[in-house]
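Number of protein chains: 2
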Amino acid sequence: MASKNLPRPTDAELEILNVLWQRGPSTVREVYEVLLESKEIGYTTVLKLMQIMSEKGLVSRDESDRRHVYEAERAQDETQRQLLSDLLDRAFNGSPTKLVMQALSSKKASREELAEIRRMLDELEKGKK
Amino acid sequence: MASKNLPRPTDAELEILNVLWQRGPSTVREVYEVLLESKEIGYTTVLKLMQIMSEKGLVSRDESDRRHVYEAERAQDETQRQLLSDLLDRAFNGSPTKLVMQALSSKKASREELAEIRRMLDELEKGKK
DNA sequence: TACTGTCAACGAAAATCTTCGTAGTCAATC
DNA sequence: GATTGACTACGAAGATTTTCGTTGACAGTA
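Quick note, the sequences are listed as chains C and B, same order.
For the first sequence, position 120 (counting from the first letter as 1) is numbered 120 according to the numbering used here, and the numbering increases by one without interruption.
If you count the second sequence from 1, you need to add 129 to reach the numbering used here.
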C-alpha cells in the first residue's frame, strides 16, 4: 500500500507541485521553464528541490530515461485538504465553519460560485438526513 | 496609522498568538504556562519567540512594568483572513470557491453550522443584488 | 576521437526557524 | 547589604528551507 504520512509541502515545494499538477509528469527542465515565467530561479535550485521532494515522498521519479521524469505523489485535492486541515488546527481552533465564513467574507465569489457552494450545502444536508 | 504588511506568522508564532487571542495581553510567563499544558517547551524559548515577534511587529510590548506585557498586534480575524488569502494563492489558484468546497467536503460540519453558512450565503447574495 | 551541450549529483552557503543555556537586572526578604 | 527568586537580554547551536556553483556522466556531432 502507499505510505500516507507525507509532510506538509513548503512554499517552494508547493510551487513545484502546482506545475506538476498542471502539466502532469515532467522533467526538471520543464518545471524550471514554467517557474521562470513568474520568478527568477536557477535550474539547479529546482533540481535540488525536486530531489528533496523525492526523498520526502512528495513526488515519485522515473529514472528509466536519462531525463528523469517527476510526478506528484499526492493528488492536488488531497494536498489541498491536507493544507486546509492543517490550517484549521493551527489557526481556527478546529472550527471548519469559522474557516468557511472567513473565506467567504474576505474573498468575493461570483454569483455562480455562490450558487455552486449552495448546491454543495444541499448535498451535505441531504447526506445528514 | 498602523503599519500593515505584517509577515505571515510561523507555526510556533501562531501557537503564541492563539494564547494571546484567548487570554488577551499577557506576560511571557503566562503564555509559557498555557503552552506547557499541551507541549514541552522551555521558558526562554517562549521568551525569545515573543521578542522576535515584537521585532516583526506581530505583537506589541508594554515595558512599563518589569514584567513586560505582550499583546497581539493583529486581531485573530485579520490573521485568519491573511492565512486563508495566502493559502488561496499558494494552493488553490486563487479560487475561493474551490477552497470552500474542499473545506466543506473534508470536515463534517453540524446541521446548525451548515445553516449558519447558508445564512452567510444569503447575506452575500443580497449584497450582490 | 575530441568537442559541445544537457543532465543529475553533490556539497555548501545563506536565510530562516526553533530551541535553550548563561548572564545580568531588579525587587523583596533575611 | 547579602541572598534568593523571577525576569529579560544575549548569544549561539541545531534544524529546516532555499539557493546555486561545481563536477562528472552521457549523447550527439564535428
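No residue lacks a Cβ here, since even glycine has one placed at the ideal position from N, Cα and C.
Determine, using beta carbons only, whether B:SER155 and C:SER85 come nearer to each other than 8 Å. no
Listing by chain order, which chain B residues have their CB less than 9 Å from the CB of C:SER54? Those within 9 Å of C:SER54 in chain B number zero; the least Cβ separation is about 20 Å.
Return the chain-ordered ranges of every beta strand (DSSP E) run that is complete within the segment 155-204 of chain B and spans a minimum of 3 residues. 188-191, 198-201
Could you have a look at B:ASN147 and say whether DSSP puts it in helix, strand or coil? helix
Do the segment 9-29 of chain C and the segment 38-49 of chain C touch if we need at least three Cβ pairs shorter than 8 Å? yes
Give me the residue from C:VAL100, C:ARG90, C:GLN76 with the minimum Cα distance to B:ARG219. C:GLN76
Any beta-carbon of chain B closer than 8 Å to the one on C:PRO96? yes
Taking the alpha-carbon of B:GLU254 as reference, which of C:GLY94, C:LEU104, C:ARG61 has the nearest alpha-carbon? C:LEU104
Suppose you measure from the CA of C:VAL59 to the CA of C:MET120; what does that come to, to the nearest Å? 31 Å
Where the alpha helix (DSSP H) through B:PRO225 begins and ends: 225-235
Cα-Cα separation between B:PHE221 and B:GLY256, rounded to whole angstroms: 25 Å
Among B:ALA238, B:SER224, B:LEU216, which residue has its Cα nearest to the Cα of C:THR97? B:ALA238
According to DSSP, simplified to helix, strand and coil, what is C:ARG81? helix
In whole angstroms, give me the CA-to-CA distance for C:TYR43 and C:GLY57. 21 Å
Where C:VAL100 meets chain B, residues with beta-carbon distance less than 7 Å: VAL229, ALA232, LEU233, ILE246
Does chain C have any CB closer than 8 Å to the CB of B:SER167? no
C:GLY24 (DSSP reduced to helix, strand or coil): coil
I want to verify the contact list: residues of chain C whose CB lies under 9 Å from the CB of B:ARG219, in sequence order. ASP11, LEU14, GLU15, ASN18, LEU83
Is it the case that the Cβ atoms of C:LEU6 and C:ARG74 are separated by a distance below 8 Å? yes
In angstroms with no decimal places, state the Cα-to-Cα distance between B:ASP251 and B:LEU243. 12 Å
Local conformation of C:ALA109 per DSSP, three classes: coil
Are the Cβ atoms of C:VAL31 and B:VAL229 separated by less than 8 Å? no
Inter-residue spacing [alpha-carbon to alpha-carbon] between C:GLU116 and B:ILE170: 45 Å
Mind checking whether B:LEU149 and B:GLU200 have CB atoms under 8 Å apart? yes
What's the C-alpha gap between B:GLY167 and B:ASP140? Sequence check: residue 167 of chain B is Ser here, not Gly. About 15 Å.
Please identify, using Cβ separations under 9 Å, the residues of the segment 63-81 of chain C that lie next to chain B, in order along the chain. GLN76, ASP77, THR79, GLN80, ARG81
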